[in-house]
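This report refers to the structure that appears directly beneath it.
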Amino acid sequence: MPLYEYECDTCLKVFEVQQRMADAPLTSCPECEGSVKKVMSMSSFQLKGGGWYADGYASTPKGAAAGSMSPTPPSCATAGACAKCPASAG
Ligand SMILES: [Zn+2]
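Note that this note's numbering has the sequence shown beginning at 1281, numbered continuously upward.
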């Protein structure tokens, strides 16, 4: 369920409310019943955007990182081709 952030115009209290998309936005403060305005929650905004971005971004480094994920120590310049490399043992 998405989390919405509201700020009270009267007591300036900021609070988060879990609401469904279909729910009507909150209009009164639970503390003083003053009018509230919805504020953009940076945390949920970043989660939403970051998740999508990370998902599309992850597919690229996966293939590129395959080389560095090999058991061959990075110190070996031959990258598995020399006799000392465990990759060439079998
Ligand atoms: Zn208030």
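From the three backbone atoms N, C-alpha and C, an ideal C-beta is built for every residue, glycine too. Just so you know, these numbers come straight off a predicted model, no measurement behind them.
Item	Value
Could you pull the start and end residues of the beta strand (DSSP E) that Q1298 belongs to?	V1294 to Q1298
Using DSSP bridges, identify the partner residues of L1306.	DSSP output for L1306 lists no bridge partner at all.
Could you tell me the distance, in whole angstroms, from the CA atom of L1283 to the CA atom of Q1299?	6 Å
On the CB-based measure, 16 or more other CB atoms within 10 Å of its CB, does V1294 come out buried or exposed?	exposed
Comparing C-alpha positions only, which one of T1358, M1320, K1364 and C1362 sits nearest to Y1286?	M1320
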